[in-house]
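Residue numbers (full-length UniProt numbering), protein chains in the order written: chain A, 1 to 460; chain B, 1 to 460.
Backbone N, C-alpha and C fix where the C-beta goes; we use that ideal spot for every residue, glycine too.
Remarks on the structure that follows.
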C-alpha cells in the first residue's frame with residue numbers, strides 16, 4: 001500500500017458511516033433517553049394549554065400554533081404549517097334515554113359523520129343485534145323505522161387485535177343499518193373499559209347509504225340496554241343528536257426537520273397526529289405519539305447533524321379519515337423517503353418492532369433488533385403497517401416502513417373517550433418509547449444501507 | 001332429682017336457644033350463603049329495571065314499587081311502605097368550561113342543594129385553594145365575586161378513612177365560600193378515581209350562608225384546572241347549573257319482616273338505602289346493601305321462624321340527608337330494637353366487624369368473632385357506627401349496633417358517580433357479604449343474650 005493508497009483508504013474510512021458522526025452511539029443515546037423529560041413536557045403542555053383538538057376547528061388551529069412555537073423553541077429547522085381543506089364535522093348536544101319499559105338515561109356519543117336527529121330527537125323501538133353479521137343478515141323489515149342497537153364482546157389485547165374486527169361495527173354498521181331503513185343506530189362503544197364514557201370514532205357512509213344519526217353507548221350503558229332487551233318486552237329509546245356537517249374548513253400538517261448532512265441520503269419521516277377527538281384532551285391519541293417522536297428526534301439533533309434528514313410531522317385531521325396523511329403524500333411526492341414510521345397507539349411500552357423493507361433480511365433489521373432488545377422489544381415476523389398518517393406516502397413511493405408496536409392492553413379502555421387525559425400516561429413507559437425511537441433514528445439516520453424501495457408485494 | 005324436676009329441667013333445656021331452632025346452625029348457614037344468588041338477583045333487578053332512584057322523585061317511587069313486589073315475592077311478612085315528606089332537590093342541565101387562558105370544557109356535577117346559576121350561566125375568575133383550611137383562612141376580598149376552586153389529595157383506603165376528613169370540603173366548603181362572597185364553588189370530586197365522571201353528594205347550607213351554585217369537577221378535570229392555575233395567568237371559568245329546590249315531595253321507607261317466635265325478644269333491624277344519586281344506577285350505593293341484608297334475612301327465614309323478629313328496611317332518601325332514618329326513628333320509637341345494622345359501603349368484602357353493646361365483653365361478641373373469622377373478618381376495637389339510616393333509632397333507644405366494615409379501597413372510585421353501575425360488583429365478594437350477615441343474623445336472632453341498652457358513653 002502506497003502512502004497515497006493509505007491516505008485514500010483513511011479518507012474513505014473517515015467519510016464512512018462509522019466515523020462520520022462522532023459522539024454517542026445508538027446504545028448510549030437509547031439509554032440516555034430513558035431519562036427523557038422532553039416528551040412528557042410536550043405532552044403536558046399541549047394537552048393542558050390546548051386540550052382537545054377536533055380536526056378543522058379553532059381548537060386544532062390553536063394546536064398548530066402551539067406546535068410551531070414549541071418545535072421552534074426546541075431548535076428544529078424548517079418549522080412550518082402545510083394547510084389543507086376538508087369537510088368539517090361537529091358534535092353538538094347529544095342525549096339518549098330508555099323511555100320504556102324502564103325509563104333511564106344512557107351515556108351516548110355521536111360517531112364521526114353522524115347526522116343529527118330532527119330537533120327534539122326521535123323516539124323509536126330498539127332492534128338489537130349481537131355483532132355485525134347478525135345485523136348484516138337481518139331482513140330490512142326487522143330494521144325499518146327502528147333504532148338499531150349492535151352489541152359485541154371486545155376484549156383487551158396487547159396487540160390491539162380485536163379493534164380491526166370489532167371496529168367494523170362502528171365503521172360499517174351505520175351504513176348497513178341505514179340501507180335497511182333504520183331510523184338511527186347506537187352501537188356498544190368499541191372499547192374495553194367499564195366506565196360511563198362513550199367511545200366516538202369515525203364512520204363513513206358507503207355508496208347509497210343515507211346519513212342517519214349514529215352513536216356509541218358507553219360499555220356499561222350497552223350492557224344495561226342488553227339486559228333490558230333480554231327481558232323480552234319492547235324497548236323504546238329517545239335519541240337526540242346535534243351532530244352535523246359544517247361545510248369546508250382548514251386543517252394542516254406541522255412539519256419540522258433535523259436537516260441531514262447528505263442531501264442525497266433521503267428523508268426519514270416520523271410522526272403522529274395533532275388532531276384528536278373532542279371528548280378528552282387527546283393525550284394517548286395522539287399527543288403521546290407527537291411527544292415521543294419529537295423527543296427522540298431532538299436527541300439525535302443534540303449529537304450533531306445526522307447523515308439523513310429526519311422530518312417530524314404532526315399530522316392534522318387523522319381522526320376523521322387521514323386527511324393530513326393524504327395531503328402530505330400529495331405535497332411531498334417529490335421527496336425521497338427512505339424510512340417512514342408513526343407512533344399512534346398511546347404511551348404504553350413498545351414490545352415489538354416490524355420492518356417492511358425491500359428485503360426482510362436486510363442487515364439493518366438485525367442492528368435494530370440488537371439495539372431494541374434491551375428495552376424488551378422483540379422482532380416481529382409481519383410487515384409493518386405504518387398507520388393512517390404515513391400509509392399514503394409509503395404506498396405512493398414504496399417507502400420502507402417501521403412499526404414500534406405499543407402495548408394496547410389499556411389503549412382501548414381510553415381511546416376516543418373523555419377519559420383520554422394526562423393522568424392515563426405512565427411517564428416511565430413514555431420514556432421507553434422515546435428510547436426505542438431514539439435507537440431507531442440513531443441507526444437509520446446514519447446507516448448507509450438502503451432499505452427500499454419496497455415492492456407492493458413485499459409490503460403485504 | 002324427682003321426675004317433676006327432671007321434666008322441668010328438660011322443658012327448660014328444650015326451650016333454650018340451643019334446642020329452640022332445629023336445623024342448620026350459623027356456620028352451616030354462613031357457608032351455604034357463599035353460594036347465594038338472591039343478592040345478585042335483587043341487585044341486577046333493581047338497578048336494571050329501575051336504574052337511578054333520586055330521593056322523592058318518580059324514580060325513587062318506582063323503586064319502592066319494585067321493592068314491595070320483590071320483598072313479597074321473596075316471602076317476607078308485613079311488607080309495606082312508610083311514606084314521609086321532604087324537600088326535593090333536582091339537578092337540571094349543567095356545564096363548565098375554562099374560557100381563558102386555555103378554552104376547554106370540564107366535566108362537572110352539581111352538589112346536593114346547590115342553587116342554579118342565572119340562566120346562561122356565570123363567567124368569573126377562579127380563586128384556587130389547596131384544601132379546606134386554605135379556603136377557611138382566606139380573606140373575603142380574595143374570594144368575593146369569584147368562583148372558588150378547592151383541590152385536595154384524597155387517597156384510596158381500605159377503611160374509607162379519608163372520606164370523613166376530605167369530605168368536609170364538599171359538606172362545608174360551599175357554605176364557607178358563600179359567606180366570603182364567592183359567586184360559586186367547584187371542588188375536586190371527593191373520590192379516588194381518574195375518570196371523567198364527577199362525584200356528587202350532599203352539602204347543607206350553614207346558618208347565614210346564602211345558597212350559591214356548588215359543584216364538583218371530575219378528578220382529571222380538577223387536576224387539569226390545577227395545572228392551568230399553576231401557569232400563573234388569571235383563569236376564567238364559565239359555569240351553568242340548572243340545579244334547584246323543587247318544593248316538597250314524598251319519599252318512603254320500605255319495611256319487611258321475618259316475624260319472630262317470641263314477641264318479647266325484640267327486633268333486629270338491618271337495612272340499606274333504596275334511594276341513590278341520579279348519575280349512576282345506585283348499584284354499590286346502595287342497592288348492594290339492600291341485596292346483601294335481604295338475602296341474608298331470607299336465608300334465616302328459610303330455616304324456620306327465628307326467636308327474634310328480623311326487620312329489613314329499604315330506607316328512602318338517605319343521600320340528601322338521612323330523611324328515611326329520621327322518619328323511621330320517629331315512627332318506630334315504640335319498638336324495642338335489640339340490634340341494628342346497615343350495609344352501605346358497596347359490595348366488596350367485609351374485613352372487620354365492630355359491635356357496640358352495653359358491655360364490650362358480652363359473650364355474643366366472641367361467638368360472632370368465631371362465626372365471622374372463616375370469612376376473613378377480624379374483630380375491631382372501636383364502637384360501631386351503624387350508618388346514616390340506623391343511627392337515629394340507635395341514638396334514640398341506645399340500641400346495640402353492629403358494623404360489618406367493607407373494603408372501601410375501590411368504593412370512592414365509584415361512589416356518587418355515573419360509574420356506579422352493575423359491572424362494578426364482584427359477585428364473589430357480594431356473596432361473602434351475604435354470608436357474613438347471615439352468620440350475624442343466625443346468631444343474634446336466636447341468642448337469648450341481651451346486648452343493650454347501650455349508654456351514651458358506651459356508644460362513643
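- Per DSSP, residue 304(B) is not a residue of any alpha helix (DSSP H), being assigned neither H nor E.
- In this model, residue 201(A) and residue 344(A) are separated by some 15 Å (Cα to Cα).
- Among the residues facing chain A, residue 234(B) is not included, as its CB has no counterpart in that chain under 7 Å away.
- At the C-beta level, residue 304(A) and residue 23(A) come within 7 Å of one another.
- The three-state reading of DSSP puts residue 253(A) in strand, counting E and B together.
- Taking the beta carbon of residue 51(B) as reference, the chain A residues within 7 Å of it are 102 and 104, listed in sequence order.
- Between the alpha carbons of residue 61(A) and residue 255(A) lies a distance of about 14 Å.
- Of the other Cβ atoms in all chains shown, fewer than 16 fall within 10 Å of the Cβ of residue 78(B); this residue is therefore exposed.
- Per DSSP, reduced to three states, the secondary structure at residue 79(A) is strand.
- Distance from the CA atom of residue 138(A) to the CA atom of residue 178(A), rounded to whole angstroms, is 13 Å.
- For residue 122(B), no alpha helix (DSSP H) segment is defined; the enclosing uninterrupted segment is the beta strand (DSSP E) at 122-130.
- For residue 197(A), the closest Cβ of chain B is nearer than 7 Å.
- Between residue 390(A) and residue 340(A), the C-beta gap is smaller than 7 Å, which places the two residues in contact.
- About 6 Å separates the beta carbons of residue 317(B) and residue 86(B), which is inside the 8 Å limit, making them a contact pair.
- Where residue 433(A) is concerned, there is no enclosing beta strand (DSSP E), although the alpha helix (DSSP H) around it starts and stops at 427-446.
- With a 10 Å radius around the Cβ and a threshold of 16 neighbouring Cβ atoms, residue 248(B) comes out exposed.
- Here residue 173(B) carries a helix assignment [DSSP, helix/strand/coil].
- For the segment 145-210 of chain A, the full-length alpha helix (DSSP H) segments reaching 4 residues or more read 161-166 and 168-179 along the chain.
- Assigned with DSSP and collapsed to three states, residue 322(A) falls in coil, not helix or strand.
- Judged by DSSP in its simplified three-state form, residue 68(A) adopts helix.
- When only Cα atoms are considered, residue 43(B) and residue 282(B) end up about 10 Å apart.
- With contacts defined by Cβ atoms closer than 7 Å, residue 348(B) and residue 397(B) do not form a contacting pair.
- Below the 7 Å Cβ cutoff, chain A contributes no neighbours of residue 203(B), its closest Cβ being approximately 23 Å away.
- The continuous beta strand (DSSP E) containing residue 340(B) extends over residues 337-342.
- Within the segment 350-361 of chain B, no residue places its CB atom closer than 7 Å to a CB of chain A.
- For residue 52(A), no beta strand (DSSP E) run applies, since DSSP gives it neither H nor E.
- Interface criterion not met: the Cβ of residue 347(A) is under 7 Å from no Cβ in chain B.
- Taking the C-beta atoms as reference points, residue 238(A) is found no nearer than 7 Å to residue 94(A).
- Taking 7 Å as the cut-off, the beta carbon of residue 159(A) is found no closer than this to the beta carbon of residue 280(A).
- At least one C-beta of chain B is nearer than 7 Å to the C-beta of residue 419(A).
- Around residue 322(A), the same chain offers 388 as residues with beta carbons nearer than 6 Å, after the five sequence neighbours per side are excluded.
- Residues of chain A whose Cβ lies closer than 7 Å to the Cβ of residue 223(B) are, in chain order, 423.
- Close to residue 188(B), with beta-carbon spacing below 7 Å, lies no residue of chain A; the smallest spacing is near 13 Å.
- Relative to the Cα of residue 230(B), the nearest Cα in the group 335(A), 358(A) and 48(A) belongs to 48(A).
- Straight-line spacing of the CA atoms in residue 153(A) and residue 164(A) works out to 13 Å.
- Nearest Cα to residue 118(A) within the set 325(A), 176(A), 300(A) and 242(A): 242(A).
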